[in-house]
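S.K.:
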Amino acid sequence: MESEVKDTTEVKEPKRKKSSKKDVPVGLAFIQSSFNNTIITITDPAGNVICWSSSGRKGFKGARKSTPFAAQIAAEDAARIAADQGMRSLSVFVNGPGGGRESALRGLQVSGIKVTFIRDVTPIPHNGCRPSKRRRI
Numbered sequence: 028m029e030s031e032v033k034d035t036t037e038v039k040e041p042k043r044k045k046s047s048k049k050d051v052p053v054g055l056a057f058i059q060s061s062f063n064n065t066i067i068t069i070t071d072p073a074g075n076v077i078c079w080s081s082s083g084r085k086g087f088k089g090a091r092k093s094t095p096f097a098a099q100i101a102a103e104d105a106a107r108i109a110a111d112q113g114m115r116s117l118s119v120f121v122n123g124p125g126g127g128r129e130s131a132l133r134g135l136q137v138s139g140i141k142v143t144f145i146r147d148v149t150p151i152p153h154n155g156c157r158p159s160k161r162r163r164i
């Protein structure tokens, strides 16, 4: 008595959320610039993320992630995706002490999206926690 064994395992592809084209004319851009990387997040006024990009996402690795050029490339990429979604003007919030702050801002400005507002929201302690030790090179 031979019984045939049926292969019942089907491989299902994961369901992917389609990124539908939203018409969001006004948005917020958050530039998080650390000493190691620069991350640009673009949201609608309610805070829902429309797109994001970073130096690491654009293919830079190691010490090159923290360069101003990498931050500018990442900002231009995020702005291009946001412009495809219909964004025409941005308010920019810059956070962090990294080297890519100004160049990321420049990358947003040259992309064709109008920058209406720039604010530095880097937290400054009123003599709170003790900072880490000074580097001796």
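Numbering (my numbering), first residue to last: 28 to 164.
No residue lacks a Cβ here, since even glycine has one placed at the ideal position from N, Cα and C.
Please report how far the alpha carbon of ALA110 lies from the alpha carbon of GLY155, in whole angstroms.
M.R.: 41 angstroms
S.K.: Using a Cβ-Cβ cutoff of less than 7 angstroms, which residues in the same chain neighbour LEU135 once the five nearest sequence positions on both sides are dropped?
M.R.: ALA56, ALA102, ALA106, LEU117, VAL119, VAL142
S.K.: Give me whichever residues DSSP pairs with ARG146 in a beta bridge.
M.R.: PHE120
S.K.: What would DSSP say about LYS39, mapped onto helix, strand or coil?
M.R.: coil
S.K.: For ALA90 and SER130, which I take to be in contact (beta-carbon distance under 8 angstroms), what is that distance rounded to the nearest angstrom?
M.R.: Actually they are not in contact, since the Cβ atoms of ALA90 and SER130 sit about 16 angstroms apart, beyond 8 angstroms.
S.K.: By how many angstroms is the C-alpha of ILE108 removed from the C-alpha of LYS49?
M.R.: Their backbone Cα atoms lie some 11 angstroms apart in a straight line.
S.K.: Relative to the alpha-carbon of PRO152, which residue among VAL76, GLY113, GLY123, ARG163 has its alpha-carbon at the smallest distance?
M.R.: GLY123
S.K.: Among residues of its own chain, excluding the 5 on either side of THR94, which ones have a beta-carbon nearer than 8 angstroms to its beta-carbon?
M.R.: SER82, PHE87, GLY126, GLY127
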